[in-house]
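Undergrad: For reference, the structure I am asking about is given below.
In this note's numbering, the protein residues as written are 236 to 342.
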């Protein structure tokens with residue numbers, strides 16, 4: 236395995252650890268919601284279409300996750316593309332605090 240492969244595997248492991256830690260800190264989150272929060276926190280994705288593509292889920296599932304997290308006050312939807320229904324979002328203070336706490340203490 237090359238150094239680049241090692242780094243990629245380490246990044247993936249760290250991301251999955253973060254997703255699991257977020258889910259433990261907020262029981263009741265759907266798995267895609269924990270993924271969305273972690274991905275937004277690390278700057279991997281910031282819209283529903285990119286989330287769906289990056290994690291191979293239906294765009295409708297990503298949109299439901301965005302809506303649920305918006306309702307919970309963990310993300311804020313900035314704009315929607317009328318044609319594609321793509322929702323652009325950002326973590327709220329509460330969302331960022333949740334993921335930061337999970338990152339600081341993943342156990």
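Glycine included, every Cβ here is placed at the ideal spot set by N, Cα and C. Treat the numbers as computed from the prediction; the structure is a model and nothing was measured.
#1: Quick check on the burial criterion: 16 or more other C-beta atoms within 10 angstroms. Buried or exposed for residue 321?
#2: Can you tell me whether residue 330 is buried or exposed? The criterion is at least 16 other CB atoms within 10 Å of its CB, across all chains shown.
#3: Pick out the complete beta strand (DSSP E) segments inside the stretch 273-341, 3 residues or longer, and give them in chain order.
#4: Mapping DSSP to helix, strand and coil, what is residue 251?
#5: Consult DSSP for residue 271 and reduce its assignment to one of helix, strand or coil.
#6: Please return the same chain residues whose Cβ sits closer than 6 Å to the Cβ of residue 341, not counting the five positions on each side in sequence.
TA: According to the structure data:
#1: Within the chain shown, the letter at position 86 stands for residue 321. It is buried - the Cβ of residue 321 has at least 16 other Cβ atoms within 10 Å.
#2: The count along the chain shown starts at 1 and reaches residue 330 at position 95. Buried, by the Cβ-count rule.
#3: 310-315 and 322-326
#4: Within the chain shown, numbered from 1, the residue matching residue 251 stands at position 16. DSSP places residue 251 in helix when its eight states are reduced to three.
#5: Counting from one through the chain shown, the residue named residue 271 turns up at place 36. Three-state DSSP puts residue 271 in a helix.
#6: Counting from 1 along the chain shown, the entry for residue 341 is found at position 106. Hits under 6 Å: 252 and 256.
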